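**Student:** Numbering (this note's numbering), first residue to last: 40 to 267.
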Amino acid sequence: MQGSYLGRFLGSTIGLKILMAITGVVMFGYLIGHVTGNMLLFAGPQAINNYSKFLHDSKGLLWGTRIILLGAVVVHIWATLRFLKLRSDARPVAYEVKKPHGTTFAARTMYWSGPVIALFIVYHILHLTTGTVHPTYSKNVDPTTHTVDVYANLVEGFQRPLASGIYILAMLAIGFHLSHGIWSMLQTIGVNRPNWEPALRCLAVIAAVLICGGFIAVPAAVLLGIVK
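1. Using only the heavy atoms of the ligand GDP, determine whether one of them is closer than 7 Å to the beta carbon of Ile250.
2. Would you decide whether Pro139 is buried or exposed? Buried here means 16 or more other CB atoms lie within 10 Å of its CB.
3. What residue range is occupied by the uninterrupted alpha helix (DSSP H) comprising His166?
4. Thinking just about the alpha-carbon of each residue, which of Val248, His95, Ile61 and Ala212 is nearest to the one in Ile228?
5. Please classify Val244: is it buried, with 16 or more other beta-carbons within 10 angstroms of its beta-carbon, or exposed?
6. Using 8 Å as the threshold, is the segment 203 to 222 in touch with the segment 107 to 121, meaning 3 or more CB pairs across them?
7. Is the segment 216 to 225 in contact with the segment 149 to 168, if contact means three or more CB pairs nearer than 8 Å?
8. Just mark Phe93 as buried or exposed, buried being the case when its beta carbon has 16 or more other beta carbons within 10 Å.
9. Spell out the partners DSSP gives Val230 in its beta bridges.
10. Please classify Gly214 as buried or exposed, where buried requires at least 16 other C-beta atoms within 10 Å of its C-beta.
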């Protein structure tokens with residue numbers, strides 16, 4: 040009985056929207072925590088390096104968060120692809136003319152911004168987590184904590200315009216994705232009264248701007264010489 044219900048749930052567009060909303064909330068929460076940690080860069084090397092040491096010393100917290108986040112990303116991608124498939128099957132004949140009227144720019148970029156973000160996540164891991172594509176990553180060790188010098192890695196990594204450019208463009212894609220994603224999540228959970236729409240859309244945009252603006256501030260500050 041439960042399996043049958045789960046199958047119907049995952050086989051419906053409503054169920055998939057709920058699944059995308061739940062996983063979206065998980066990723067949104069992670070982004071808030073991540074950007075808050077990044078802001079410690081402006082407090083100096085000791086602040087962000089001590090924060091990094093705390094995370095790496097708290098292995099249960101660190102790996103628990105990573106596993107939950109990875110699960111949310113995988114399920115979110117699966118639910119999105121499944122949703123698109125069901126919608127395509129329900130309307131097998133494409134319209135001759137696609138009319139974007141009534142949709143926002145963020146909504147129209149939703150499905151290409153997703154793949155861009157997925158590719159960026161891979162680059163981000165290789166750049167600042169494993170150091171695979173970071174030329175000086177393994178050389179930067181904090182003499183106080185005896186761990187990777189996160190401050191030096193961020194500064195030296197973002198002093199390269201190409202790396203900073205990739206991050207800034209990716210954050211813009213995330214901003215558009217977040218803006219529409221937050222709005223869609225609110226609709227999915229039932230916060231969709233017509234008279235609330237302007238305020239909720241504004242709230243979604245503000246949240247996206249604050250989060251992505253915080254992420255962009257880091258490479259921008261390094262490029263401008265504010266953080267050295």
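Just so you know, even glycine gets a beta-carbon here, dropped at the ideal spot from N, CA and C. All values reported here derive from a predicted model rather than from experimental measurement.
**Tutor:** In short:
1. Among the components of this structure there are no ligands whatsoever, and the ligand GDP is therefore not found.
2. The predicted position of Pro139 is uncertain, since its pLDDT is 49 and thus under 50; a value taken from the coordinates is nonetheless stated next. It counts as exposed.
3. It is not in any alpha helix (DSSP H) - His166 carries neither H nor E in the DSSP assignment.
4. Ile61
5. By the neighbour-count rule (16 or more Cβ atoms within 10 Å), Val244 is buried.
6. no
7. yes
8. It counts as exposed.
9. For Val230, which the question treats as bridged, DSSP gives no partner whatsoever.
10. buried
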